[in-house]
Structures are given as structure tokens and as C-alpha cells.
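Per the numbering used here, residue 94 is the first one in the sequence shown, and the count goes up by one each step. Okay, structure first, notes after.
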Amino acid sequence: MSNTIVLLLSDHRLPNLKFFQFLTNTKKINPDSNTNYILIGTDKTYKLKYHEHVAMALKITEDKYVHWLVSPESYEKTSLSLKGYLSQIKRSTNFFLNITTGTKMMALAAKDTFEKYVVNTPSHSLETYYIPINSENIHQIYPSLIEQEFKASLSLKEYTTSYGFKINENRSPRHLSLAEANEYWKLIKDNNYSSSNIASPFPKAGDLWEHIVFHKIASNLNLSESAIALNIDIKPIHSRIKGTEDKHELDIIFIKNDRLYIIECKDLSHQEQNASKFPSKKVRDYIYKSNSINQNLGLYAKSFIVILCPFKPNKDQQKSLDKFSKISNIKIIIAQDFEGKKFTDLIR
94 MSNTIVLLLS
104 DHRLPNLKFF
114 QFLTNTKKIN
124 PDSNTNYILI
134 GTDKTYKLKY
144 HEHVAMALKI
154 TEDKYVHWLV
164 SPESYEKTSL
174 SLKGYLSQIK
184 RSTNFFLNIT
194 TGTKMMALAA
204 KDTFEKYVVN
214 TPSHSLETYY
224 IPINSENIHQ
234 IYPSLIEQEF
244 KASLSLKEYT
254 TSYGFKINEN
264 RSPRHLSLAE
274 ANEYWKLIKD
284 NNYSSSNIAS
294 PFPKAGDLWE
304 HIVFHKIASN
314 LNLSESAIAL
324 NIDIKPIHSR
334 IKGTEDKHEL
344 DIIFIKNDRL
354 YIIECKDLSH
364 QEQNASKFPS
374 KKVRDYIYKS
384 NSINQNLGLY
394 AKSFIVILCP
404 FKPNKDQQKS
414 LDKFSKISNI
424 KIIIAQDFEG
434 KKFTDLIR
């Protein structure tokens, strides 16, 4: 019998990536041998090429999957469509169905239709699963109820590809080691949280701060190389789709516990040499810009701006920044916050 993985397509991509990883890690399927895929989508997901993005993220070749279109909000229409598609399957198959994604009607119709199909066609078998969002458990709900603990380990490339983006890391010829980054961080702290008058190994202002923040994140969160990147270009895989033409440069991007984080680093040491207070107006401008980028990307990311400046915001400035941060869903972290606080607390 062959194995067939059945995935419902929607705006949420991670459950399908996690489901695939679960099946391969538990050796329920071997993706390199006699495994096929059914990607169930809608007119919307077809137009936006969700099926191609998921296939690319999972490294599925075109000859290994079929794409079925159903009605997103009609249980009856979806059931009828699925019955028609299933009637065309001739050889015996073990189905592995993930109903976490798709609309509620799609999920219910898929669950019921596949169950009825295998009951009436004994040459086929079915296992149906559900993965709660932000959970490390996976639930088998057919043919029996089984709850299992499973912690997926997704890479940045898998995440961004599944959302229809490709990333290229612009590696600097000079890349700091962790030990070097820690030494420069000590110099900056001793210099009143300023990089002024500190000889940087980089020609471009701000690069030193980006490398320090990169190493702080990677070491504090114990991230693998595949989970974090520095100085990247991110752009749509299908740039001709309306509304997805923009390419963006990001300072740091990483994935942790199935969440994507975007970090923008700002070194204001040199710009604020003659200043006497925290430049809150300039920081608000950064928030507006970052918010615009996040909306264009649509990656469901948590965003932060990490600022190096010798001045801390006063009470009124902090209140104003907190307000802007809440509205835009972008958090401000200042260099002084690194002392005495865990990075996991800073990115909550």
C-alpha cells in the first residue's frame, strides 16, 4: 500500500509543516519512498499559490502531489467535491489527514468524508490528526483517540518558504565570533552604552551593533544556525502576484517555538553625540517604518527594535513609546535592558 498525506491549505502554514515532521520522525511514512500528497485548497489559496509554497517548503516534487479545490464555507459542497475526488483513487492507500488548518467547514467535511470513504472501502486506511496551535502535543482522533507529545524543529527556510518568501543572507566578509561580540559589548557598556570612539571592524555604521545583538540572541536562546540569520533580503517567491512585489532588508530574523521574530537594530550612538535625552521622535519613526514592513510581509511575526543609545527614555517618553508599541505590535528594547534580564523575558 502507498502512503498519502492529506493537508488542508489556509493562512496558517506551520501545522502542516509540523505534521509532516511528526510523520517522518515517528517513521509512519518515508517521504522518499512511495509517499504521495493531497493538498486541499480553495480558489483563494490557488490564486495565491499556497499549494506551491507548501510543496516547496516540504520539498515535494510536482509529480508527487495533487491539488483539490473545494468550497471553503459549505460543508455539503466540500463533501461532494471530496467524494468525487476520492472516487478516482484506484490503488490501496494509507491516508494521513491533518485537519488543523483550512476553514472549519473544510476540516469537518474532510474528517467525515474520509472516514466514511475508508469504512466503505476496506482496501484503504485512515489516520486523522489535529495539532492545537502553540502546543507541543498532537492528537490522533481517528481511528482511535491518542494524544502524543511532539516538539517540532522548524528552520527559517521552511517557515518563510511556506509563507511564499525566499531569504538570502548577505554575509559580511567580516563576521564576529561570540567571544569577539562579548568583548565589544563590554567596551560599549564601559563607554556608557555607546559605540562612539570604539574602533569597529566594520566600515558601515551600525554593523557592529547588529553582530552583538545577533550573538546575544543566538547564545541566550540556544538557537541553531538554521534558526537565525543576520542581514537578509526577503522577497516573494512569486513576485508577479499583486501586492507581493516588495523586497525587504532585515537585520536579524529567527524562529523560536514556532514563532518568527524580526529584529531591527539601531545604533544611535553617533547620531546622538550632542544630544541630552533619548530621541523618542526618531524611535517612533522607526516603529512606523517597521510596522509598514511587517504588514507587507504578512508573516505573523513578532517584531522588535533594539536600540543602542547612551540615554534611556524618561517616564513620559516611555509612556508614549509603550503606547506606540502596543498599537503597532512592535516592542522597543534598549541596550540597558540586557543587563539583569533574561532575553526570553525581553521578547515575550
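In this text, a Cβ means the ideal position worked out from N, Cα and C, and glycines have one as well.
Limits of the unbroken alpha helix (DSSP H) element including residue i
i      : result
Gln411 : 408-421
His144 : 143-150
Tyr210 : 197-213
Leu110 : 107-118
Glu242 : No alpha helix (DSSP H) holds Glu242; the beta strand (DSSP E) holding it covers 239-242.
Thr437 : 436-439
Lys174 : Before going on, a small fix: residue 174 reads as Ser here, not Lys. Looking at the DSSP string, the run of the alpha helix (DSSP H) that includes Ser174 is 168-179.
Ala245 : Where Ala245 is concerned, there is no enclosing alpha helix (DSSP H), given that its DSSP letter is neither H nor E.
Asp326 : No alpha helix (DSSP H) contains Asp326, which is instead part of the beta strand (DSSP E) from 321-329.
Leu353 : Careful: Leu353 lies outside any alpha helix (DSSP H), inside the beta strand (DSSP E) at 352-360.
8 Å contact criterion, which residue i and residue j should meet: CB distance rounded
i      : j      : result
Leu401 : Leu361 : 6 Å
Tyr210 : Leu179 : 5 Å
Leu175 : Gly134 : That pair is no contact at about 12 Å.
Leu101 : Thr194 : 5 Å
Ala148 : Tyr158 : 6 Å
Asn127 : Ser164 : No, Asn127 and Ser164 are not in contact; Cβ-Cβ is about 31 Å, not under 8 Å.
Alpha carbon of residue i to alpha carbon of residue j, nearest angstrom
i      : j      : result
Phe431 : Glu303 : 14 Å
Asn384 : Val99  : 35 Å
Ala322 : Lys412 : 32 Å
Asn230 : Leu107 : 14 Å
Ile325 : Tyr235 : 43 Å
Ala274 : Leu280 : 10 Å
Asn313 : Trp278 : 14 Å
Ser73  : Ser248 : Absent from the structure is residue 73, since the part of the chain shown begins at 94 and ends at 441.
Ser228 : Tyr286 : 39 Å
Asp438 : His308 : 17 Å
Lys395 : Ile440 : 8 Å
Asp415 : Pro372 : 14 Å
Leu141 : Asn187 : 29 Å
Phe397 : Arg352 : 13 Å
Ile291 : Val306 : 17 Å
Asp156 : Ala298 : 49 Å
Asn109 : Leu151 : 9 Å
Terminal residues of the beta strand (DSSP E) in which residue i lies
i      : result
Phe295 : First-last for Phe295: undefined, no H or E at that position.
Asn129 : 128-134
Tyr158 : 158-162
Phe404 : Segment: none, Phe404 is in no beta strand (DSSP E) and carries neither H nor E.
Residue i and residue j closer than 8 Å at C-beta
i      : j      : result
Thr221 : Lys197 : no
Met199 : Thr171 : yes
Ile356 : Ile348 : no
Ala202 : Tyr168 : yes
Val376 : Ile426 : no
Ala245 : Gln114 : yes
Lys408 : Gln429 : no
Ile380 : Ser418 : yes
Leu392 : Tyr256 : yes
Arg264 : Phe295 : no
Ile239 : Phe436 : no
Phe243 : Lys328 : no
Thr97  : Asn129 : yes
Leu132 : His160 : yes
Thr254 : His341 : no
Ser289 : His363 : yes
Ile224 : Phe112 : yes
Exposed unless 16 or more other CB atoms sit within 10 angstroms - verdict on residue i
i      : result
Trp166 : Here residue 166 is Glu; the residue named in the question, Trp, does not match the sequence. Label assigned to Glu166: exposed.
Lys185 : Reading off the sequence shown, one finds Ser at residue 185, where the question assumed Lys. Flag for Ser185 reads exposed.
Phe272 : Strictly speaking, residue 272 in this sequence is Ala, with Phe absent from that position. The residue is exposed, with fewer than 16 neighbouring Cβ atoms inside 10 Å.
His331 : exposed
Val399 : buried
Leu103 : Inspection of the sequence shows that residue 103 is occupied by Ser rather than by Leu. Per the 10 Å Cβ criterion, buried.
Ile122 : buried
Ile226 : exposed
Any non-hydrogen atom of the ligand PLP within 7 Å of residue i CB
i      : result
Cys402 : Because no ligand of any kind appears in the structure shown, any question about the ligand PLP cannot be addressed here.
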